[in-house]
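Novice: Read top to bottom, the protein sequences are chains A and B. Start counting the first sequence at 73; every next residue gets the next number (the numbering used here). Start counting the second sequence at 16; every next residue gets the next number (the numbering used here). Let me give you the structure first, and then I'll get to my questions.
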Amino acid sequence: MSEKRMAKTANEAIAEAMRQINPDVVAAYPITPATEIVQIFSQFVADGKVTTEFVPVESEHSAMSAVVGASLAGARAMTATSSQGLALMWEILYIASALRLPVIMPMVNRALSAPINIHCDHSDSMGARDSGWIQLYSESVQETYDNVIQAVRIAERSLLPVMVTTDGFILSHCLELLTPLLDKEAKDFIGEYRPKNFLLDTEHPFTVGALDLQDYYFEHKRQEAEAMIESKKIILKIGEEFERKFGRRYEFFEDYKVIDSEVATVVIGSAAGTTKVVVDQLREEKIKAGLLKLRVFRPFPAEELKELLKNVKVIAVLDRADSLNAVSGPLFSEIRNALYDLEERPKIVNYIYGLGGRDIGLKEIHSIYEDLEEINRTGKIKSLLTYLGVRE
Amino acid sequence: MANLKELSERKELLVGGHRLCPGCAAGIIARQVLLAAKEPVVVVTSTGCLEVATTIFPYSAWKVPWFHNAFENAASTISGIEAAYRSLKRKGKIDKEIRFIAFGGDGGTYDIGLQALSGAVERGHRFLYICYNNQAYMNTGIQRSSATPKGASTTTAPAGTVIPGKIQFRKDLTRIMVAHQIPYAATATAGKWNDLITKVEKALATDGPSFMDILSSCRLGWGHPPEQTLTIGRLAADTCFWPLYEVVAGEYHLTYKPKKKRPVTEWLKTQARFKHLFKPENKGLIDTIQNYVDEQWQKLLKLCGEE
Ligand SMILES: Cc1ncc(C[n+]2csc(CCOP(=O)(O)OP(=O)(O)O)c2C)c(N)n1
Ligand code: SF4
Ligand SMILES: [Mg+2]
């Protein structure tokens, strides 16, 4: 195993992973805070460090369209984007997944306009949650890198596109220690891409993207749903193999002292790091606090979450996105949904935080656990949804 | 020059049984384009009549690898496919010659797909983009596009008591493509098969992007009997409403010069979409259209050095 440690930002780590993957085709368009990925990768192309055909498209809509075309043609294809770029791809995201194309896309989380803002929240990827893409979230630079490497295998095994997210600026532009795989390790782990049917196989022509009406559309969507269900096993298997080979563990989520906790939070992305510090402090004060850090949001591991959370007394779900549905954030809806079948359900509340890159620190997270303890003591929920750290 | 006997011996790559309207020029054009290809081809088609009517699942009229992605992205999709081809060829995973053809309607080309087309041509992918141009959004029910000619009645620019159909002249997309310094661009029309096929052969032999704007009558949207399709296609060239020319590396060449240029009314009166123009109060409009056709023709003759 590699011993080489280096300081890298998440953008640099993603570009490094892409160099090792050496995709056949990359089509991409710049957008802050993901631009660097494309820039660094273009330099790899210019310096002959990869043999990729790089397509500098004129928009993200074209990036996703070109990558879909390339993937169907038989190539291992990647793009990268953020926020408005993802929004512009929207139409084609659904086509990539429904055509079962193993496209891989690092996605740097950034707030959606308006107002225009370049900093982190999860509105962009959360908005794409029903597009049929597997979504892997990352807490750190290392996780971002490891997720991109695993994404290739997950995509090609499940025949579903995979989006690997990382927090804009917080991770994309911050140096952390990264232990990358050696080139050979990465190459061996990823393996060759051998599609069964591909457009460039002109001796075996087939039609893709036909008009599909009342008599078949539903069956095709049902198959797509099945692929998402099946992908759960694949994600776990590839995570196990990754751990066996490289020593770092990857599952649907990380159980950070949840198992014996009374009060716990559910967090996605870099805020989990801050939350761990708070949990440790609380544990020293003999408070049974825990954190569930969700890595895989699509497919949603409802059963597994239910098992882990069932004995917790009070749970706070932290959403870095708002559904603007007059009830809660998107993660909260799904977690509460997952707990519904329990005989004895934990109490559960929602915090929407960090929109547009608003910082969240130890103090804010501490205040959440104080709220949870109060609910635990009194049995009463004062507010189901709290907007945390905003002037009201 | 295409040889009819030889063409008749080639394999049909777009076969019958599709659901295009009887007399639809789009199917005739697509079939002739494919007949002109000597190498294996991969085809992309944008959303529209041609796509919808040739591929209702589980059926397909296409005997070539064929992909429909969405409405506005035929050019970016073929870019990705062509990039994959170049990549896999370089890596030795593919060794044969393949040609790439994208078909888009005028809506998918002149309007919503113009950006993708411009990008793909600027990047220089080797592909042939065919706009089968029926001068409106036919698949959604005959709405106007920027390719719809002035005076035509469509469902979103209908002839009414106050407004006589489309107010604007149509966009000149071939000239826009020429402004991209595209190595090969041409116009063609259904009914002039030899001109069309010869141009496709040249386009496919071009090492870089090529573009063809092919006038494609829609008997439903234009309003004419199905058996008139090819006559109307030829009449468009004979009235100089739709001149036939090609632009090779920036040089304009006329490929068809009518012996006697016929008045535009002969073309207009074949189609119901222009019927209202023949009301006495619209006489001025017909004159405007004739003047415009004459002006454009003169400009083209000059560009082609035919004056
Ligand atoms: C993004 C998007 N907008 C609108 C549509 C609806 N739509 C489908 S086909 C079409 C018109 C196609 O017109 P054209 O490209 O001229 O092809 P034609 O049907 O005339 O052959 C439209 C508006 C769509 N499918 N996608
Ligand atoms: S509506 Fe027009 S373009 Fe569409 S299939 Fe019929 S004739 Fe062809
Ligand atoms: Mg049209």
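Idealized CB from N, CA, C, for every residue including glycine. As the structure is a prediction and not an experimental result, all values here were calculated from the model.
Can you tell me whether L283 of chain A sits near ligand 5, meaning its C-beta is under 7 Å from at least one heavy atom of the ligand?
Specialist: As far as ligands go, the structure on display features ligand 1, ligand 2 and ligand 3 and does not contain ligand 5.
Novice: Please check if any C-beta of chain A sits within less than 8 Å of the C-beta of Y147 of chain B.
Specialist: Taking the second sequence and counting its residues from 1, the one referred to as residue 147 of chain B is at position 132. Y147 of chain B does not count as touching chain A.
Novice: Taking just the CA atoms, how far does N397 of chain A sit from K256 of chain A?
Specialist: Looking up residue 256 of chain A in the first sequence gives position 184. Looking up residue 397 of chain A in the first sequence gives position 325. The straight-line gap from Cα to Cα measures roughly 48 Å.
Novice: Quick one: does D96 of chain A have its CB under 8 Å from some CB of chain B?
Specialist: In the first sequence, residue 96 of chain A corresponds to position 24, counting from 1. Interface residue, yes.
Novice: Should N18 of chain B be labelled buried (16 or more other beta-carbon atoms within 10 Å of its own) or exposed?
Specialist: On the second sequence, residue 18 of chain B is found 3 positions in, with the first residue counted as 1. When all chains shown are included, N18 of chain B counts as exposed.
Novice: Kindly confirm or deny that the region 46-63 of chain B and the region 200-215 of chain B touch, where touching means at least three C-beta pairs closer than 8 Å.
Specialist: yes
Novice: Taking only beta-carbon positions, decide if I93 of chain B is within less than 8 Å of chain A.
Specialist: As a position in the second sequence, residue 93 of chain B is number 78, starting the count at 1. Among the CB atoms of chain A, one or more fall inside 8 Å of the CB of I93 of chain B.
Novice: Among residues of its own chain, excluding the 5 on either side of Y265 of chain A, which ones have a beta-carbon nearer than 7 Å to its beta-carbon?
Specialist: Position 193 of the first sequence, counted from the first residue, corresponds to residue 265 of chain A. If we look at Y265 of chain A and ignore the five residues flanking it on each side, its Cβ neighbours are R148 and E228.
Novice: Under the three-state reduction of DSSP, which class applies to L254 of chain A: helix, strand or coil?
Specialist: Residue numbering aside, residue 254 of chain A sits at position 182 when the first sequence is read from its first letter. L254 of chain A: coil per DSSP, three-state reduction.
Novice: Name, in chain order, the residues that DSSP records as bridge partners for N448 of chain A.
Specialist: Here residue 448 of chain A refers to the residue found at position 376 of the first sequence. BP columns for N448 of chain A are empty, so no partner.
Novice: Take A297 of chain A as the anchor and find which of A:S203, A:F278, A:L247 and A:K268 has the nearest alpha-carbon.
Specialist: The residue labelled residue 297 of chain A in the question sits at position 225 within the first sequence. Of A:S203, A:F278, A:L247 and A:K268, the residue nearest in Cα terms is A:S203.
Novice: Given Q346 of chain B, which residues of its chain have a CB within under 6 Å of its CB, disregarding the five upstream and five downstream residues?
Specialist: Chain B is shown from 16 up to 322; residue 346 of chain B falls before or after that span and cannot be answered.
Novice: Taking the C-alpha atoms as reference points, what is the distance between E215 of chain A and A223 of chain A?
Specialist: Counting from 1 along the first sequence, the entry for residue 215 of chain A is found at position 143. Counting from 1 along the first sequence, the entry for residue 223 of chain A is found at position 151. In a straight line, the C-alpha of E215 of chain A is about 12 Å away from that of A223 of chain A.
Novice: Within the continuous alpha helix (DSSP H) that includes S195 of chain A, where are the two ends?
Specialist: To locate residue 195 of chain A, count along the first sequence from 1; it is residue 123. Taken as a continuous stretch (DSSP letters only), the alpha helix (DSSP H) holding S195 of chain A covers S195 to G199.
Novice: Run the CB neighbour count on E415 of chain A, radius 10 Å, all protein chains shown included, and call it buried at 16 or more, exposed below.
Specialist: By 1-based counting over the first sequence, the position of residue 415 of chain A is 343. E415 of chain A comes out exposed.
Novice: Determine, using beta carbons only, whether L271 of chain A comes closer than 8 Å to chain B.
Specialist: By 1-based counting over the first sequence, the position of residue 271 of chain A is 199. Taking Cβ atoms only, chain B reaches closer than 8 Å to L271 of chain A, which makes this a yes.
Novice: Can you give the Cα-Cα distance for S137 of chain A and Y144 of chain B, rounded to whole angstroms?
Specialist: Along the first sequence, read from residue 1 onward, the residue named residue 137 of chain A stands at position 65. Along the second sequence, read from residue 1 onward, the residue named residue 144 of chain B stands at position 129. Spanning the two alpha carbons is a distance of roughly 16 Å.
Novice: Taking the CB atoms as reference points, tell me whether Y338 of chain B and K207 of chain B lie closer together than 8 Å.
Specialist: Because chain B is modelled from 16 through 322, residue 338 of chain B falls outside the range shown and cannot be assessed.
Novice: Can you list the residues of chain E that L231 of chain A reaches, using a CB-CB cut of under 9 Å?
Specialist: Reference to chain E is not applicable here, since the protein chains of this structure are A and B.
Novice: Quick one: grab the DSSP three-state call for L35 of chain B.
Specialist: The residue you call residue 35 of chain B lines up with position 20 of the second sequence. Correct three-state label for L35 of chain B: coil.
Novice: In the DSSP assignment, find the beta strand (DSSP E) that holds S390 of chain A and state where it starts and stops.
Specialist: On the first sequence, residue 390 of chain A is found 318 positions in, with the first residue counted as 1. For clarity, residue 390 of chain A is Leu in the given sequence; the question names Ser instead. Segment V386 to D391, the beta strand (DSSP E) holding L390 of chain A.
Novice: In three-state terms, what does DSSP make of Q207 of chain A?
Specialist: By 1-based counting over the first sequence, the position of residue 207 of chain A is 135. Strand.
Novice: When you compare only the Cα positions, how much space is there between G38 of chain B and D193 of chain A?
Specialist: Looking up residue 38 of chain B in the second sequence gives position 23. Looking up residue 193 of chain A in the first sequence gives position 121. Approximately 55 Å between the Cα atoms of the pair.
Novice: Between the Cα of D391 of chain A and those of A:K382, A:C246, A:T337 and A:K348, spot the shortest distance and give me the residue it belongs to.
Specialist: Position 319 of the first sequence, counting from 1, holds the residue named residue 391 of chain A. Of the candidates A:K382, A:C246, A:T337 and A:K348, the one whose C-alpha sits nearest the C-alpha of D391 of chain A is A:T337.
Novice: I want to know whether the region 157-170 of chain A touches the region 178-197 of chain A - three or more CB-CB distances under 8 Å.
Specialist: Because the criterion of three Cβ pairs below 8 Å is met, the region 157-170 of chain A and the region 178-197 of chain A touch.
Novice: Looking at the C-beta of D202 of chain A, does it have a partner C-beta in chain B at a distance below 8 Å?
Specialist: Taking the first residue of the first sequence as position 1, residue 202 of chain A is located at position 130. For D202 of chain A, the answer is no, since every Cβ of chain B falls outside 8 Å of its Cβ.
Novice: What does the Cβ neighbour count give for Q286 of chain A, buried or exposed, with the cut at 16 atoms within 10 Å?
Specialist: Residue mapping note: residue 286 of chain A aligns to position 214 of the first sequence, counting from 1. The residue in question, Q286 of chain A, is exposed, as its Cβ has fewer than 16 Cβ neighbours within 10 Å.
Novice: Does the distance from the CB of A89 of chain B to the CB of G119 of chain B come in under 8 Å?
Specialist: Here residue 89 of chain B refers to the residue found at position 74 of the second sequence. Here residue 119 of chain B refers to the residue found at position 104 of the second sequence. A contact, by the Cβ cut-off of 8 Å.
Novice: Within the 8 Å Cβ cut-off, does W81 of chain B reach chain A?
Specialist: By one-based count along the second sequence, residue 81 of chain B stands at place 66. Yes, W81 of chain B counts as interfacial toward chain A.
Novice: Using CA atoms only, rank isn't needed, just tell me which of B:E321, B:K284, B:I229 and B:K108 is closest to L269 of chain B.
Specialist: Taking the first residue of the second sequence as 1, we reach residue 269 of chain B at position 254. The residue with the shortest Cα to Cα distance from L269 of chain B is B:E321.
Novice: Relative to the alpha-carbon of E248 of chain A, which residue among A:I226, A:K419, A:F270 and A:Y217 has its alpha-carbon at the smallest distance?
Specialist: Counted from its first residue, the first sequence places residue 248 of chain A at position 176. Of the listed residues, the one whose Cα sits closest to E248 of chain A is A:Y217.
Novice: Starting from the Cα of S154 of chain A, find the closest Cα among A:F369, A:Q115, A:T104 and A:F314 and give me that residue.
Specialist: Residue 154 of chain A sits at position 82 when you count from the first residue of the first sequence. Among A:F369, A:Q115, A:T104 and A:F314, the Cα nearest to that of S154 of chain A is on A:T104.
Novice: Quick one: is R138 of chain B near chain A, going by C-beta distance under 8 Å?
Specialist: Numbered from 1 along the second sequence, position 123 holds the residue referred to as residue 138 of chain B. It does; some Cβ of chain A falls within 8 Å.
Novice: For Q111 of chain A, count neighbouring C-beta atoms within 10 Å of its own C-beta (all shown protein chains included) and say buried if the count is 16 or more, exposed if not.
Specialist: One-based indexing of the first sequence puts residue 111 of chain A at position 39. So Q111 of chain A counts as exposed.
Novice: For the beta strand (DSSP E) that contains T238 of chain A, what are its first and last residues?
Specialist: The count along the first sequence starts at 1 and reaches residue 238 of chain A at position 166. Run containing T238 of chain A: V234 to D239, per the beta strand (DSSP E) assignment.
Novice: Looking only at its chain, what residues have a beta carbon closer than 6 Å to the beta carbon of A168 of chain A, apart from the 5 residues adjacent to it on each side?
Specialist: Here residue 168 of chain A is taken as the residue at index 96 of the first sequence, counted from 1. Answer for A168 of chain A: V140, V175 and P233, listed in chain order.
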